[in-house]
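*Asks:* Can you keep this structure in mind? I'll have questions shortly.
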Amino acid sequence: KKTLDIAVIPGDGIGREIVPVAQAVLKEAVGDSVSFNYTNYDLGADRYLRDGTLITDDQLKDMDQKDAILLGAVGDPRVKSGILERGLLLKLRFAFDQAINMRPSKLYPGVKSPLADPGDIDFVVIREGTEGLYSGMGGLLRMGTEHAIATETSMNTEFGIERAVRFAFELARKRGGKKHVTMVNKTNVLYYAGQLWLWVMDKVGKEYPDVTYDYLHADACTIFLVTDPSRFDVIVTDNLFGDIITDEAGAVVGGIGYSASANINVTDEHPSMFEPIHGSAPDIAGKGIANPSATVLSAAMLLQHFGYDEAAARIDRAVEADAEENSSRKRSTDQIGQDIIARL
Ligand code: IPM
Ligand code: MN
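Residue numbers (UniProt numbering): 7 to 350.
Following this line, the structure appears as structure tokens:
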């Protein structure tokens, strides 16, 4: 019997309501084959407002010993935008070298897309997670004068691009569907980074003769995501383009209530982190009505990460069946959890 040590950051708002549901689903899905050893971390806006802690070095060291991190949501209108994002969420992604941000978009039957004719949407975005414009390289000069200058540098390494591109090709092969990788960037303007991304794509692409690939500018991609989303299989892109198109992708498949994500450390030297794409939803926090599905699906990605593909697929099917039958009904968080568990 295997034990997985999981760091849990329920975080703020609905995060605290949906994480326990995901834990209950995990337990049910694996039965006796795995036991989960959870350690809760009191982090997020509440903690920050209480004593100024975002995350300490000791906590990072401690979490580094865990197998994975399960995160609910962080954020609160009382905390200035950017503080928790940079001080906690991005801090974790960078500290644990979570270079692959994997974000599936699937339109479940029964979930309403805002598109009139959405078609069969089922694609995955592989967003590079530790470089690009998120690297924090830049500077602000002469602030307060009338000649202030700000620079923000997009950092792209061949190593970083290659691990994202390779992951995308492997995934396209494993999914066994269209077996197609679309690289999204803006190479007509990003002259230097664009050349490197395209070069790596051709280099890696040659190693996967069974997978086709093409390239799309990011602005054109936003159009196709609403006019013809079923054309996509696996998209690979940089950190900021990936951030933007995965929000759009989430909206196209009926909102972020079903959008899961994994922040993967490909070498397993550090823990990977699993989190829903949505935020802490302070407007409905505490009411017990948040939909835990995205967190449940993120927990399924956690299982998949450790090779429990069958249990992960069962969770996926249960959420899909639950959405098909019930997504238009008003149910409590716990009820949705029970309904999903009943289908496992
Ligand atoms: C996301 C979020 C984060 C990001 C923010 C909160 C820093 O938008 O996970 O997509 O930009 O990566
Ligand atoms: Mn985002």
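Built from N, CA and C at the ideal position, the CB exists for glycine as well.
Model, not experiment: these values are computed from the prediction.
Nearest by alpha-carbon distance to valine 325: which of Ala74, Phe230, Gly294 and Ser265 is it?
*Replies:* Ser265
*Asks:* With respect to the beta strand (DSSP E) encompassing tyrosine 44, which residues constitute its N-terminal and C-terminal limits?
*Replies:* 40-46
*Asks:* Check the C-beta distance from isoleucine 250 over to methionine 108 and give it rounded, since I have them as a contact under 8 Å.
*Replies:* Wrong, their Cβ atoms sit about 16 Å apart, outside the cutoff.
*Asks:* Return the chain-ordered list of same chain residues with a C-beta closer than 6 Å to the C-beta of methionine 189, the five sequence neighbours on each side being excluded.
*Replies:* Met207, Tyr221 and Val242
*Asks:* In angstroms with no decimal places, state the Cα-to-Cα distance between lysine 8 and glutamate 275.
*Replies:* 19 Å
*Asks:* Look up proline 298 in the DSSP assignment and say whether it is helix, strand or coil.
*Replies:* coil
*Asks:* Could you tell me the alpha carbon to alpha carbon distance between lysine 212 and arginine 181, rounded to whole angstroms?
*Replies:* 19 Å
*Asks:* Which residues in the same chain as aspartate 322 place their Cβ atom closer than 6 Å to its Cβ, once the five residues preceding and following it in sequence are excluded?
*Replies:* Ala306
*Asks:* Could you tell me which of Arg237, Glu164 and Val36 sits nearest to arginine 320, measuring between CA atoms?
*Replies:* Val36
*Asks:* Relative to the C-alpha of glutamate 330, which residue among Ile346, Ser278 and His311 is closest?
*Replies:* Ile346
*Asks:* By alpha-carbon positions, which one of Ile167, Gly145 and Gly256 ends up nearest to isoleucine 155?
*Replies:* Ranking Ile167, Gly145 and Gly256 by Cα distance to isoleucine 155 puts Gly145 first.
*Asks:* State the Cα-Cα distance for the pair aspartate 239 and leucine 202, rounded to the nearest angstrom.
*Replies:* 23 Å
*Asks:* Which runs of the alpha helix (DSSP H) fall wholly inside the stretch 7-72 and span at least 4 residues, in chain order?
*Replies:* 21-36, 51-57 and 63-70
*Asks:* Measure the C-alpha to C-alpha separation of glutamate 164 and arginine 349 and round it to an integer number of angstroms.
*Replies:* 45 Å
*Asks:* Take tyrosine 219 and list the residues in its own chain whose beta-carbon comes closer than 8 Å to its own, dropping the five residues that flank it on each side.
*Replies:* Phe175, His186, Val187, Thr188, Met189, Met207 and Gly211
*Asks:* What's the C-alpha gap between valine 14 and isoleucine 24?
*Replies:* 12 Å
*Asks:* Could you name the residues of the same chain whose beta carbon sits closer than 6 Å to that of glycine 116, not counting the 5 residues immediately before and after it, in chain order?
*Replies:* Ala329, Glu330 and Ser333
*Asks:* Quick one: what's got a C-beta closer than 6 Å to lysine 184's C-beta in the same chain, skipping five residues either side?
*Replies:* Asp239
*Asks:* Is aspartate 249 near the ligand IPM, with its Cβ less than 7 Å from a heavy atom?
*Replies:* yes
*Asks:* Alpha carbon to alpha carbon, what distance is there between aspartate 244 and tryptophan 205?
*Replies:* 14 Å
*Asks:* To the nearest angstrom, how far is it from the Cα of tyrosine 197 to the Cα of serine 160?
*Replies:* The alpha-carbon separation between tyrosine 197 and serine 160 amounts to approximately 12 Å.
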